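Undergrad:
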Amino acid sequence: AQSVAQPEDQVNVAEGNPLTVKCTYSVSGNPYLFWYVQYPNRGLQFLLKYITGDNLVKGSYGFEAEFNKSQTSFHLKKPSALVSDSALYFCAVGNSGYALNFGKGTSLLVTP
Amino acid sequence: DAGVIQSPRHEVTEMGQEVTLRCKPISGHDYLFWYRQTMMRGLELLIYFNNNVPIDDSGMPEDRFSAKMPNASFSTLKIQPSEPRDSAVYFCASNLPAPPGNTIYFGEGSWLTVV
């Protein structure tokens, strides 16, 4: 079975500071890992994904994520947080199938 | 591209009534997914289709739920009869015909409240 865990329900960070949203995964075989963002009353928007290759993946809105096979992690990062980054962030995993399994989400609050 | 289109965006219905949610996937996408989002359970995969054929419906909670995809551009998720515990956001998503790992694109969701 494939799954992801997001250990933090909420992350608080001050604007301008770096942010990290954590995700660990469990999957047999090679993982395909994704990050999505959900703004209030909206659908999920794709941010970035890791399929293969470089462990550091760059995505939309200045976000990046680092794939770490030994730690089975795929943490989302941004060097300088913006108030507008406040949203719900989901990590997801897929492997040989086509559907994704999502984590429970982490609420990011960036304060001015 | 218009993206994945869902209707209705919001629905309030009384317990026992039939609810039909509709979805139009992105043109050319041949995988279609229905997810449900609740505070307690997060995002759950209900069912997905490939080329209009249901592939995995193991996430459908019970017989009150049914989903169809009569053609490549339309799918429905039906709840009959509806119950208050069905209140949730229902998302439709679609995916390009490509190897695993291709991005799934979501609609804006249908907010269902059953009173």
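First to last, the protein sequences are chains A and B.
All letters in the first sequence, in the order written, are residues -5 to 106 by our numbering.
All letters in the second sequence, in the order written, are residues 20 to 134 by our numbering.
C-beta: ideal position from N, C-alpha, C; glycine also.
In this text the structure is predicted, and so the values were computed from the model without any measurement.
Can you check the region 51 to 77 of chain A for any beta strand (DSSP E) of at least 3 residues that lies completely inside it and give the ranges in chain order?
TA: 58 to 62 and 67 to 72
Undergrad: Check whether the region 8 to 22 of chain A and the region 63 to 80 of chain A are in contact - that is, three or more C-beta pairs closer than 8 Å.
TA: Touching, per the Cβ criterion.
Undergrad: By the DSSP assignment, the beta strand (DSSP E) with Val108 (chain B) in it spans what residues?
TA: Here residue 108 (chain B) refers to the residue found at position 89 of the second sequence. Its beta strand (DSSP E) spans residues Ala107 to Asn114.
Undergrad: Any beta-carbon of chain A closer than 8 Å to the one on Phe110 (chain B)?
TA: Against the second sequence, residue 110 (chain B) aligns to sequence position 91. Taking Cβ atoms only, chain A reaches closer than 8 Å to Phe110 (chain B), which makes this a yes.
Undergrad: Would you kindly check if the distance between the Cβ of Tyr30 (chain A) and the Cβ of Asn114 (chain B) is under 8 Å?
TA: For the purposes of this step, residue 114 (chain B) is identified with residue 95 of the second sequence, where counting begins at 1. For the purposes of this step, residue 30 (chain A) is identified with residue 36 of the first sequence, where counting begins at 1. No, these two residues do not count as a Cβ contact at 8 Å.
Undergrad: Flag Asn70 (chain B) as yes if its beta-carbon sits less than 8 Å from any beta-carbon of chain A, otherwise no.
TA: Along the second sequence, one-based indexing puts residue 70 (chain B) at 51. Chain A contact via Cβ: absent.
Undergrad: Kindly list the residues whose CB is nearer than 7 Å to the CB of Leu94 (chain A), restricted to its own chain and excluding five residues on each side of it in sequence; keep chain order.
TA: Here residue 94 (chain A) corresponds to residue number 100 of the first sequence, with the count starting at 1. These residues qualify, in order along the chain: Phe28, Ala86, Val87 and Gly88.
Undergrad: Whose C-alpha, out of A:Thr100, A:Pro106 and A:Val77, is nearest the C-alpha of Gln0 (chain A)?
TA: Stepping through the first sequence from its first residue, residue 0 (chain A) is reached at position 6. Considering only alpha carbons, the answer is A:Thr100.
Undergrad: Should Val133 (chain B) and Met59 (chain B) be called a contact, given that it needs their Cβ atoms to be closer than 8 Å?
TA: Sequence index remark: in the second sequence, residue 133 (chain B) carries index 114 (1-based). Sequence index remark: in the second sequence, residue 59 (chain B) carries index 40 (1-based). No.
Undergrad: What residues of chain B sit near Lys108 (chain A), judged by a beta carbon separation below 9 Å?
TA: With chain A running from -5 to 106 in the structure shown, residue 108 (chain A) is simply not present.
Undergrad: Determine, using beta-carbon pairs with one atom in the region 37 to 53 of chain B and one in the region 74 to 94 of chain B, whether at least three such pairs fall under 8 Å.
TA: yes
Undergrad: Leaving out five residues before and five after Thr46 (chain A) in sequence, what residues of the same chain have Cβ atoms less than 8 Å from its Cβ?
TA: Residue numbering aside, residue 46 (chain A) sits at position 52 when the first sequence is read from its first letter. Around Thr46 (chain A): Asn24.
Undergrad: On the DSSP letters alone, give me the boundaries of the beta strand (DSSP E) that Leu94 (chain A) sits inside.
TA: As a first step, residue 94 (chain A) must be located in the first sequence, where it is residue number 100. Unbroken run through Leu94 (chain A): none, as it is neither H nor E.
Undergrad: For Gly37 (chain A), count neighbouring Cβ atoms within 10 angstroms of its own Cβ and tell me buried if that reaches 16, exposed if not.
TA: The residue given as residue 37 (chain A) occupies position 43 in the first sequence. That one is buried.
Undergrad: Is the CB-CB distance between Phe61 (chain A) and Tyr44 (chain A) below 8 Å?
TA: Taking the first sequence and counting its residues from 1, the one referred to as residue 61 (chain A) is at position 67. Taking the first sequence and counting its residues from 1, the one referred to as residue 44 (chain A) is at position 50. Cβ atoms of Phe61 (chain A) and Tyr44 (chain A): closer than 8 Å.
Undergrad: What residues match up with Thr14 (chain A) in a beta bridge as DSSP calls it?
TA: Along the first sequence, read from residue 1 onward, the residue named residue 14 (chain A) stands at position 20. In the DSSP output, where bridge partners are listed per residue, Thr14 (chain A) has A:Lys71.
Undergrad: Tell me the DSSP bridge mates of His29 (chain B)?
TA: Residue 29 (chain B) sits at position 10 when you count from the first residue of the second sequence. The partner list for His29 (chain B) (beta bridge, DSSP) reads B:Trp130.
Undergrad: Which term fits Gly128 (chain B), buried or exposed, when burial requires 16 or more other beta carbons within 10 angstroms of its beta carbon?
TA: Here residue 128 (chain B) corresponds to residue number 109 of the second sequence, with the count starting at 1. Gly128 (chain B) is buried by the Cβ-count criterion.
Undergrad: Does the distance from the C-beta atom of Ser85 (chain B) to that of Val38 (chain B) stay below 8 Å?
TA: Counting from one through the second sequence, the residue named residue 85 (chain B) turns up at place 66. Counting from one through the second sequence, the residue named residue 38 (chain B) turns up at place 19. For Ser85 (chain B) and Val38 (chain B), no; Cβs fall outside 8 Å.
Undergrad: Leaving out the 5 sequence neighbours to the left and right, which residues in its chain are closer than 7 Å to Thr3 (chain B) when beta-carbon positions are compared?
TA: Residue 3 (chain B) falls outside the range modelled here, since chain B spans only 20 to 134, and no answer is possible.
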